[in-house]
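Below is one structure, written out as structure tokens; the observations come after it.
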Amino acid sequence: MGATTASHYCHTHKAFLFCNYTLLGAATSCVFLTLSLRLIPSPCGLLLVALHALTAVAAASACATTPASTARWHAAHMASTVLAAIFHGAISVLAFTRTPDFLVELRSYVREEDGAVILKMVGGLGLAIFCLEWVALAVAFLLRYHAYVEGGSTATASKRSSKVVGSDEELKDWPWPFQV
722 MGATTASHYC HTHKAFLFCN YTLLGAATSC VFLTLSLRLI PSPCGLLLVA LHALTAVAAA
782 SACATTPAST ARWHAAHMAS TVLAAIFHGA ISVLAFTRTP DFLVELRSYV REEDGAVILK
842 MVGGLGLAIF CLEWVALAVA FLLRYHAYVE GGSTATASKR SSKVVGSDEE LKDWPWPFQV
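For the sequence shown, the residue numbers in our numbering are 722 to 901.
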């Protein structure tokens, strides 16, 4: 790995960690804001808390391991992050556009004015989480791409020199969607 490539990889990894630590803080804040609405008895409220908790767990696990570790981990991280981002975007749209209806559905026990302010704060954090999750996905993709390109440079050169790929063993080094 060259010095500039290692430097780019290091900066990309630091950006990935920064995104995930920020996601962890925002998701944890959303959990506490959502709990301050006192909505535990409602199924919608439990799902909302579970979504924020899932986001916090996914961000913490992303900080603990590198995306270049395994293809399965990378695929699971990408799928869970995409789903969480979609749900966070939908919740933030609901929180901003239909605040009173959303509060009624959540069955919150706080005053309506206070609940609306808290819900809009949750919506704002949800919008921030939505954006950060897509940034984290892009950076995770870049890290995985760097790991694939740098890790498979000698195997790729030998494959280019052969005319026909003869065995299934050689195909196992290909990227995830093309594996046998």
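The beta carbon of each residue, even a glycine, is placed where N, CA and C say it ideally should be.
Tell me whether residue i is buried or exposed, calling it buried when 16 or more other Cβ atoms sit within 10 Å of its Cβ.
i	result
residue 813	buried
residue 836	buried
residue 902	Not covered by the structure: residue 902. The range shown for the chain is 722 to 901.
residue 861	buried
residue 791	exposed
residue 797	exposed
residue 825	exposed
residue 793	exposed
residue 827	buried
residue 838	exposed
residue 778	exposed
What's the C-alpha gap between residue i and residue j?
i	j	result
residue 816	residue 765	13 Å
residue 829	residue 822	11 Å
residue 818	residue 784	33 Å
residue 869	residue 737	17 Å
residue 755	residue 746	14 Å
residue 831	residue 734	42 Å
residue 845	residue 858	20 Å
residue 863	residue 728	14 Å
residue 716	residue 730	Residue 716 is absent from the model: the chain starts at 722 and stops at 901.
residue 742	residue 759	27 Å
residue 802	residue 855	8 Å
residue 767	residue 840	15 Å
residue 833	residue 740	34 Å
residue 763	residue 867	45 Å
So, under 8 Å CB-CB, residue i and residue j are touching, yes? Tell me the CB distance rounded to an integer number of Å.
i	j	result
residue 780	residue 804	The pair is not a contact, with the Cβ atoms about 14 Å apart (cut-off 8 Å).
Please confirm whether residue i has its beta-carbon closer than 7 Å to some beta-carbon of chain C.
i	result
residue 776	Of the chains in the structure shown, none is chain C; there is only one protein chain.
Quiz item: Touching or not, the region 849-864 and the region 747-754, by the rule of three or more beta carbon pairs under 8 Å?
Solution: yes
Practice problem: Would you check if the region 803-810 and the region 771-783 touch, i.e. whether three or more CB-CB distances between them fall below 8 Å? | Solution: yes
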